[in-house]
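Chains as they are written, first to last, in UniProt numbering: chain A, 1 to 404; chain B, 1 to 404. Cβ coordinates follow ideal geometry from the N, Cα and C atoms, glycine included. Every value quoted in this text rests on a predicted model; they were computed, and no experiment measured them. Reviewing the structure listed below.
There are 2 protein chains.
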Amino acid sequence: MDASRLADALSEAGTDGYLIDASQDDPDQLYLSGFTGPDPFLSLYADGRTHLLVSGLEYGRASRRSRADVVERYADYGYDYGDRDDRLDMYAAFLERREVGSVSMPPRGPIGTADGLRERGIEVVVDRTGVLEELRAVKTDAEIDNVRSVQRATEEAMATAEDLIASSTIAGTDGNGDDSRTRIGSDEEAIEPGTLVHDGEPLTSERVKTAIEIALLKRGCALEETIVACGSQAADPHDRGSGPLFAGEPIIVDVFPRDKATKYFADMTRTFLRGEADGTVREWHDLTHEALREATDAVEPGVTGEAVHEAACAVYESAGIPTLRSDPDTETGFIHSTGHGVGLDIHELPRLSPGAGELEPGHVVTVEPGLYDPAVGGVRIENLLVVTEDGCETLTDYPIELEV
Amino acid sequence: MDASRLADALSEAGTDGYLIDASQDDPDQLYLSGFTGPDPFLSLYADGRTHLLVSGLEYGRASRRSRADVVERYADYGYDYGDRDDRLDMYAAFLERREVGSVSMPPRGPIGTADGLRERGIEVVVDRTGVLEELRAVKTDAEIDNVRSVQRATEEAMATAEDLIASSTIAGTDGNGDDSRTRIGSDEEAIEPGTLVHDGEPLTSERVKTAIEIALLKRGCALEETIVACGSQAADPHDRGSGPLFAGEPIIVDVFPRDKATKYFADMTRTFLRGEADGTVREWHDLTHEALREATDAVEPGVTGEAVHEAACAVYESAGIPTLRSDPDTETGFIHSTGHGVGLDIHELPRLSPGAGELEPGHVVTVEPGLYDPAVGGVRIENLLVVTEDGCETLTDYPIELEV
Numbered sequence: 001m002d003a004s005r006l007a008d009a010l011s012e013a014g015t016d017g018y019l020i021d022a023s024q025d026d027p028d029q030l031y032l033s034g035f036t037g038p039d040p041f042l043s044l045y046a047d048g049r050t051h052l053l054v055s056g057l058e059y060g061r062a063s064r065r066s067r068a069d070v071v072e073r074y075a076d077y078g079y080d081y082g083d084r085d086d087r088l089d090m091y092a093a094f095l096e097r098r099e100v101g102s103v104s105m106p107p108r109g110p111i112g113t114a115d116g117l118r119e120r121g122i123e124v125v126v127d128r129t130g131v132l133e134e135l136r137a138v139k140t141d142a143e144i145d146n147v148r149s150v151q152r153a154t155e156e157a158m159a160t161a162e163d164l165i166a167s168s169t170i171a172g173t174d175g176n177g178d179d180s181r182t183r184i185g186s187d188e189e190a191i192e193p194g195t196l197v198h199d200g201e202p203l204t205s206e207r208v209k210t211a212i213e214i215a216l217l218k219r220g221c222a223l224e225e226t227i228v229a230c231g232s233q234a235a236d237p238h239d240r241g242s243g244p245l246f247a248g249e250p251i252i253v254d255v256f257p258r259d260k261a262t263k264y265f266a267d268m269t270r271t272f273l274r275g276e277a278d279g280t281v282r283e284w285h286d287l288t289h290e291a292l293r294e295a296t297d298a299v300e301p302g303v304t305g306e307a308v309h310e311a312a313c314a315v316y317e318s319a320g321i322p323t324l325r326s327d328p329d330t331e332t333g334f335i336h337s338t339g340h341g342v343g344l345d346i347h348e349l350p351r352l353s354p355g356a357g358e359l360e361p362g363h364v365v366t367v368e369p370g371l372y373d374p375a376v377g378g379v380r381i382e383n384l385l386v387v388t389e390d391g392c393e394t395l396t397d398y399p400i401e402l403e404v
Numbered sequence: 001m002d003a004s005r006l007a008d009a010l011s012e013a014g015t016d017g018y019l020i021d022a023s024q025d026d027p028d029q030l031y032l033s034g035f036t037g038p039d040p041f042l043s044l045y046a047d048g049r050t051h052l053l054v055s056g057l058e059y060g061r062a063s064r065r066s067r068a069d070v071v072e073r074y075a076d077y078g079y080d081y082g083d084r085d086d087r088l089d090m091y092a093a094f095l096e097r098r099e100v101g102s103v104s105m106p107p108r109g110p111i112g113t114a115d116g117l118r119e120r121g122i123e124v125v126v127d128r129t130g131v132l133e134e135l136r137a138v139k140t141d142a143e144i145d146n147v148r149s150v151q152r153a154t155e156e157a158m159a160t161a162e163d164l165i166a167s168s169t170i171a172g173t174d175g176n177g178d179d180s181r182t183r184i185g186s187d188e189e190a191i192e193p194g195t196l197v198h199d200g201e202p203l204t205s206e207r208v209k210t211a212i213e214i215a216l217l218k219r220g221c222a223l224e225e226t227i228v229a230c231g232s233q234a235a236d237p238h239d240r241g242s243g244p245l246f247a248g249e250p251i252i253v254d255v256f257p258r259d260k261a262t263k264y265f266a267d268m269t270r271t272f273l274r275g276e277a278d279g280t281v282r283e284w285h286d287l288t289h290e291a292l293r294e295a296t297d298a299v300e301p302g303v304t305g306e307a308v309h310e311a312a313c314a315v316y317e318s319a320g321i322p323t324l325r326s327d328p329d330t331e332t333g334f335i336h337s338t339g340h341g342v343g344l345d346i347h348e349l350p351r352l353s354p355g356a357g358e359l360e361p362g363h364v365v366t367v368e369p370g371l372y373d374p375a376v377g378g379v380r381i382e383n384l385l386v387v388t389e390d391g392c393e394t395l396t397d398y399p400i401e402l403e404v
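So this is what it looks like as C-alpha cells:
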C-alpha cells in the first residue's frame, strides 16, 4: 500500500485519521488491516500506523495475522458486550487514546457509527475521494500474483464446464446423425429434442454451475454466484441461468470466484455453443472477439477507461449494431460497459466506461464486450488484463471458441 | 412481515419512510424487498408500501421476483451512471417523488448516502431501535421451513464429516491393534503417529471442510467458512482449523451454510473424537451435553435470553469450571454466550447472553455451550431451536456422540 497517498488524502480532508468499521470481506478493511473476521471490528490509520480494535475472540488471530501495527481488544476499554451506547463510548475512547479528534470514513461506512462518534465530539467526514478504492486499484506484483492464481483456478473450472457441454449428446439425435429420438431417464420419459444430455440426464445450468463450484472449491476458491445462461436467458446480462441447456443456442459461462485465503477475485467469461451456430450468432461471436481485441489493444498507461470502452463500441457500431453510446435507450446490442477493475472486490476501480479516467500500471481490469437480444440470446467474451509500463498483459489463458 | 410494527417505528421516530441502501446479501434489505442483486439498490418503506430503485440491468428481475409494490429504474430519473452527486440527486428525487422528506436508516446504512441526502434537504435519522432486525427475529412458518431445509442439508454435510473421521485409520497402528507404524504416501514418508489417515493420505481440516462444502453445494447451499478444529486449535472458538487431525483429540465441526435460493442460514456444531477420549474430554463433553439440555429446557416464550444463558453457566459452574459469569477475565472454560438468532443473517436477534431480552414464539436460536482450554482443546455442541407457543422445538436432528 502506498501509505503516503493515504496520508495526503487525510491532510487534504483535514482529518486526523481514516476509520473503517466493517466485517468479514469489506475490501477497504481487508486492504488496510490485512485481517478479516466474522465480527465487525475497527481499523484506524493515523500517524502513519494502522490500529485495530477487535473482540476478545479475534484478538489472538488479529495479533498473529493482521498487518496492523497495534491491536487492542474490547477488554482494554472495559467493554463487555453492552448496548450500542457502550460500544460507541469504546470507539470514541479508542480514538481519544490516540488523540484522533476527526476521521474520514468511506462512503459505505455505517451511519450508526458515524453519527454516534459525532455525538461524542468526533468530527466525521465522508471520504468522497474514495482514496482506499484508488489505492486498491493499483496492484503490487504480489497482488497480481494473487489474482493470477485465482484466474488459473477459474480456467480449470471453465474447462470443466466446457467439457460437460462439449461431451453432451443432443436429444433427438443419437450422436451419429441418426434422427431417432433419444429416450431419457429411469422412466424412459421423452425430453425435448435439442436438449443437451449428459450421463443420461438433461444437462442443466444448475449441473454445470455445481461442477464449476466443485472445481473451484478444490482449489480453495468460493463463489457466491456463477452465470450459465442459455438462449433468451443469456440476453439478460444479470440472469444467472436455470434449467436445461440446448444445442444451437449460445451458452454464456461467466465465472468470478474469490480465493478464500487471499480474498482476491478473478473474472472470466466464454460463450459456448453445442452443435452448429447460425449466421447471426457466428457473426456476433466474431464481432465480440474483434471488440475484445480492439479494446485490449487500446489498453496502456495514460489511456482513459472511456477510450477503451469506445474502442469496443466502435467495432459494434461499424457493423450497424446499437450500443449505449449510439443509442442510450437501446435494450439490445452492447448494453453494458466494457470492463471494471478486479482485486479484493469483484467490481472496483478502474472502470472501462463513459467518463472513466486514465489507466495506470498495476491496474487489473476485465475487458468484456458482449451482445444481447432476447430474439437471439447473448454472447460475451471476458478476459482479465493487467496494465503494464508499456501496454498490458492478458492474464487469461484460455481459447476463444464458440462451437464445442 | 408485521408491517404495522414498522409503521409504528416510523411514527415513533417521526420519519416518513424507512430507507435501505445495500446490495446482495444484506439481511434487512432482503427482508424488506424480497430481492437481491449484485448492484446496490434502494429499498424504501413508506405509506404502507415497499418501493425499489434498481439499475436497468436489474429492472426485469426486480419487477418479476421482488416483493416490492413499486419498482423504478435509474432511467426513470434520467440517471446514466454519472458521478456520486448525480446518484445522490437521483436518490433525493426518488424520495421527493413520494413526498418523503425524512427517513430512518439502519445503523449499518452507508454514511455517504445519509450525508448526501442530508445535504439535499432530507432528514436522516439512525434507527436505534433496530426495528427490522426485531421484525426479522420473529419468523413465519414459511421462514422456519426455510431454516429447517438448510438445517437438513447441514446435517447431511455433518454426516459426511463424521464418516470421514470415523472411517479414518490411525497412523502408528494398523487398525487391528498392531503397533507397527503405518507408512503413507507415494514416497513412503513416515507420518506422525496418531495422525488420522484416509485414502492413504493424512486427513486434514482442509479435506474435511472441502467434503462438507461439496455436500452442501449439491444441496444448493453456500458457506463462507467452516470450522474443523482439532486439539489446541479448537481451544480458540474462532479458529477455523488447519492441518492434520489426530486421534484422541476433540475435533470441533461447526457448519453454518446459507441456502443460495432462499438466503436463510442454519448452524450446527458437533465435537468428534477418533479413538478413546481421556477423562477430562469425556467429562467436558458430558457437561456440555448437560448444559445444552438445561439451556434447551429453559427456552420458552417470556423467558429472557439471559436466563437461558445462565442455565448453561450454572451447569459448568456447579462442576467448578469457570464461565464469563463467574470470572469475567477467564480465558478458559465457557468463554462465549450461549446462542444467537439465525435467519437471513447467521448472527441476529435474539441473543442468549447477559442482558438479553424475552423470547417470543417464532424466534429461531442456536444453543451452543462449549468449553475451551489450550491444554485440553475445545468441546462445543450446538443445536438449532425454534421457540413455540409453549416451549421450543429442536430443529436439529443429529446424534450427540463424542467418540467415533
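If you look at residue 285(B), you'll find it in the alpha helix (DSSP H) that goes 279–298. Nothing from the segment 157–170 of chain A brings a Cβ to less than 7 Å from some Cβ of chain B. Fewer than three Cβ pairs drawn from the segment 254–273 of chain A and the segment 294–314 of chain A lie within less than 8 Å of each other, which leaves the two stretches out of contact. Only those residues of the segment 26–52 of chain A whose C-beta falls short of 9 Å from the nearest C-beta of chain B are listed: 37, 38, 39 and 40. Counting the other CB atoms within 10 Å of its CB gives residue 350(B) a total of 16 or more, which places it among the buried residues. Taking 8 Å as the threshold, the shortest C-beta distance from residue 57(B) to chain A falls below it. By DSSP's assignment, residue 383(B) forms a beta bridge with 367(B). Pairing residue 146(B) with residue 264(B), the inter-Cα distance amounts to about 6 Å. For residue 237(B), at least one C-beta of chain A is nearer than 8 Å to its own C-beta. In the pairwise beta carbon analysis, the segment 121–138 of chain B is classified as not touching the segment 318–338 of chain B: fewer than three pairs are separated by under 8 Å. Closer than 8 Å at the C-beta level to chain B, one finds these residues of the segment 98–114 of chain A: 105, 106, 107, 108, 109, 110, 111, 112, 113 and 114.
The way I'd put it, the segment 113–120 of chain B doesn't touch the segment 221–232 of chain B; fewer than three beta-carbon pairs between them come closer than 8 Å.
Taking 8 Å as the threshold, the shortest C-beta distance from residue 309(B) to chain A does not fall below it. Every unbroken stretch of the beta strand (DSSP E) spanning 3 or more residues and falling wholly within the segment 25–76 of chain B is given here in chain order: 41–46, 49–54 and 70–73. At a beta-carbon threshold of 9 Å, none of the residues of chain B lie near residue 198(A); the nearest stands roughly 16 Å away. Across the segment 81–99 of chain A, CB contacts with chain B closer than 8 Å involve 81, 82, 83 and 84, in sequence order along the chain. Look at the beta carbons and you see the segment 44–51 of chain A not touching the segment 133–140 of chain A: under three pairs across the two are nearer than 8 Å. Within the segment 297–367 of chain B, the complete beta strand (DSSP E) runs of at least 3 residues fall at 339–341, 348–352 and 364–367. For residue 85(A), the enclosing alpha helix (DSSP H) covers residues 84–96.
Here the C-alpha atom of residue 216(B) lies approximately 22 Å from the C-alpha atom of residue 340(B).
Within chain A, 81 have C-beta atoms less than 9 Å from the C-beta of residue 353(B), given in sequence order. Within its own chain, the residues whose Cβ lies closer than 6 Å to the Cβ of residue 219(B), once the five positions on either side in sequence are excluded, are 153, listed in chain order. Judged by pairs of C-beta atoms under 8 Å, the segment 95–104 of chain B touches the segment 14–23 of chain B, as three or more such pairs exist. A direct Cα-to-Cα measurement between residue 64(A) and residue 67(B) gives close to 45 Å. The criterion of a C-beta distance shorter than 8 Å is satisfied by residue 342(B) and residue 267(B).
Under the Cβ distance rule, residue 60(A) counts among the residues neighbouring chain B, one pair being separated by less than 8 Å.
For the options 245(B), 221(B) and 380(B), the alpha carbon positioned closest to that of residue 283(B) is the one of 380(B). In the three-state reduction of the DSSP assignment, residue 104(A) falls in the strand class, which pools E and B. Scanning its chain for C-beta atoms nearer than 6 Å, with the 5 sequence neighbours on each side dropped, one finds around residue 253(B) the residues 161, 228 and 270, in chain order. For residue 156(B), the uninterrupted alpha helix (DSSP H) segment begins and ends at 141–166. Residue 378(A) sits buried, since 16 or more C-beta atoms from the chains shown fall within 10 Å of its C-beta. Contact between residue 19(B) and residue 42(B) holds, since their C-beta atoms are separated by about 7 Å, short of 8 Å. Around the beta carbon of residue 242(A), a 10 Å sphere encloses fewer than 16 other beta carbons of the protein chains shown; the residue is thus reported as exposed. Going by DSSP, residue 132(A) is part of the alpha helix (DSSP H) stretching over 131–137. The criterion of a C-beta distance shorter than 8 Å is not satisfied by residue 74(B) and residue 60(B).
Counting every other CB atom within 10 Å of its CB across the protein chains shown gives residue 244(B) a total of 16 or more, marking it as buried.
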